[in-house]
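Student:
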Amino acid sequence: MRSFVRRTAVPVVAALALALAACSQGSATRSDEPVAGKTTVRYMNFSANDGHEKDLDAIKTAFESANPDITVQIETLPYADYFTKLQTAVAGGTAGDAFELNYENFVTYTANGSLAELKGVDAAPYKPSLLDAFKADGKQYGLPASFSNVVLFYNKDLFAAAGVAPPTASWTWADEQAAATKLTNKGNGVWGDYQPISFFEFYKTLDQAGGEFLAPDKKSSTFNSDAGRKAAEFLVAKAGKTMPTEAQGAGTPDFDSKLFKDGKLAMWHSGIWMFSGLADAKFDWDIAVEPGDTKKASAMFTNGAVVSAASKNQAAAQKWVTFLTSSDDMVKARLATSWELPPVADTGKVDSYLTAGKPANRQAVFDSLDATVLPPVIERQQEMQDAVNKELSAAAAGRKDVATALADAQKAVDKLLA
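Read in order, the letters of the sequence shown are residues -28 to -1, 1 to 390 in mature numbering (1 follows the signal peptide of the UniProt record, and there is no 0).
1) Output the residue ranges of the alpha helix (DSSP H) runs that lie fully inside the stretch 51 to 83 and measure 4 residues or longer, sorted by chain position.
2) Of the choices Gln357, Leu207, Ala377, Phe78, whose alpha-carbon is the least far from that of Ala108?
3) In terms of alpha-carbon separation, which member of Ala317, Pro348, Lys99, Val293 lies closest to Ile31?
4) Which stretch, first to last residue, makes up the alpha helix (DSSP H) that contains Glu173?
5) Assign Glu312 to one of three DSSP states: helix, strand, or coil.
6) Using CA atoms only, rank isn't needed, just tell me which of Lys230, Lys128, Leu73, Ser192 is closest to Ala105.
7) Would you identify the three-state DSSP class for Asp165, choosing helix, strand or coil?
8) Hey, could you find the ends of the beta strand (DSSP E) Gln45 is sitting in?
9) According to the neighbour-count rule (16 or more other Cβ atoms, all chains shown, within 10 Å of its Cβ), is Asn121 buried or exposed?
10) Would you say Ala152 and Gly164 are within 9 Å of each other, going by their C-beta atoms?
11) Do Ala52 and Ala289 have their beta-carbon atoms positioned less than 9 Å apart in this structure?
12) Indicate whether Glu218 and Ala209 have their beta-carbon atoms separated by less than 9 Å.
13) Rounded C-beta distance between Asp234 and Thr144? I'm assuming under 8 Å.
14) Any idea which residues DSSP pairs Val279 with across the strands?
15) Does the distance from the CB of Leu124 to the CB of Trp240 come in under 9 Å?
16) Ordered along the chain, which non-local residues of its own chain (more than five positions away) have a Cβ less than 6 Å from that of Lys99?
17) Output yes or no for whether 9 Å exceeds the beta carbon distance between Phe71 and Tyr15.
18) Return the chain-ordered list of same chain residues with a C-beta closer than 6 Å to the C-beta of Thr344, the five sequence neighbours on each side being excluded.
19) May I ask which residues mark the beginning and end of the alpha helix (DSSP H) holding Tyr325?
20) Between the C-alpha atoms of Glu262 and Met356, what's the straight-line distance to the nearest angstrom?
21) With DSSP as the reference, please indicate the residues paired to Thr12 in a beta bridge.
22) Specify, as a first and last residue, the run of the alpha helix (DSSP H) that Met356 falls within.
23) Between which two residues does the alpha helix (DSSP H) harbouring Trp143 extend?
24) At a cut of 8 Å, does the stretch 15 to 27 reach the stretch 38 to 48 through at least three beta carbon pairs?
25) Looking only at its chain, what residues have a beta carbon closer than 7 Å to the beta carbon of Leu178, apart from the 5 residues adjacent to it on each side?
26) Can you tell me the Cα-Cα spacing of Gly223 and Glu76, whole angstroms?
27) I'd like the list of long-range same chain contacts for Thr309, defined as Cβ closer than 7 Å, with 5 residues on each side in sequence excluded.
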């Protein structure tokens, strides 16, 4: 599994100078040129960069074989450059007919009016939660191309040694913390649980507690609520009790993965992109769907394929993004090279992934998609994340109580929204 980065939104600046559009072509890898007599669909992406260019080309070849009247011209750019160059191209009218977006940027580009509505989409091939992520106002503006999510990793040997029953899909926060308490052995340097006290974990636990981060009109935040305080307290109360504190190294790079791999962590909330890094772990481990409170909610990260509202070849472009996101050729290419996971509803198509070895319960990856939560997105995304992280850290360190920290965080977010 290739690392799936938690990516933030990059706002679209419609006022960018047209003269800058020419620079959007730099440092890109192109695949094929337009062919006379055929409709050419230009597709811009980032996820094939640095190792999966040939996989995307294989999907393109299969599409062109099935659609001889269409040729696809691919432009692949590094992620670090992609969104700057994409927004320049969109502003300058030089963007491709179709392009790749992560969820956060999808929200921004949809609101900007840059995307074409996709008509007559067949929903059957897709996992519903993934397809719904690329809707706005009940209309389909994109198709899910890949996904990754967060699950509960656990050390089966530590559970067995402590005589604690392993996690199940029906576990709640209370079950998790009861087990974590029994599994924590500070004298031996063993911790029962680790879940980062951060924006990304807070919006998820908030949803698990039945709360909402933003008001329906997205003009104000609503997380300073009973559910929000319950979620923040659940995270903060673990620090120093069943999981390490910041002073003990929590939050530093690779701290949690090393702790788990060293056999010193019984449970760990982390992403499925960590599977490959645990291949040589010297203990038995597995995964489960994350516990919930009043309901389940798993964090989902997804990339999608969209069609430009400015494209003159929208019908052909929609054919391409449909094939790219739902065809058997796509599924085979992704599974053969661990190029993130395909968004398919039929788990029979991913049998090779489900039986690929540890963790044994890979079905939990797909079961987690039955109840998901997507990150809240605003124009000043990174500032919002930083504000929430700052206040949660203050609460975890004991510099503020949870109620004060959440109230201050909400004030900061509302100021950004204003």
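Glycine residues also receive a C-beta, built at the ideal position from the N, C-alpha and C atoms. Just so you know, these numbers come straight off a predicted model, no measurement behind them.
Tutor: Taking the definition as stated:
1) 51 to 64
2) When Gln357, Leu207, Ala377, Phe78 are compared, the shortest CA-CA separation from Ala108 is found for Phe78.
3) Val293
4) 171 to 180 is the extent of the alpha helix (DSSP H) around Glu173.
5) In the structure shown, Glu312 falls within a coil segment according to DSSP collapsed to helix, strand and coil.
6) Leu73
7) coil
8) 42 to 48
9) buried
10) yes
11) no
12) no
13) Your pair Asp234 and Thr144 does not check out as a contact, with CB atoms roughly 28 Å apart and the cut at 8 Å.
14) Val279 has Ala70 as its beta-bridge partners, per DSSP.
15) yes
16) Within the same chain, Lys99 has close Cβ partners Pro315, Ala317, Leu341.
17) Result yes, Cβ atoms of Phe71 and Tyr15 sit closer than 9 Å.
18) Ser101, Ser270, Met272
19) 323 to 326
20) Rounded to the nearest angstrom, the two C-alpha atoms are 25 Å apart.
21) Thr43
22) Looking at the DSSP string, the run of the alpha helix (DSSP H) that includes Met356 is 353 to 368.
23) From DSSP, Trp143 is part of no alpha helix (DSSP H); its letter is neither H nor E.
24) yes
25) Phe185, Phe195, Ala199, Gly200, Ala203
26) 23 Å
27) His24, Asp27
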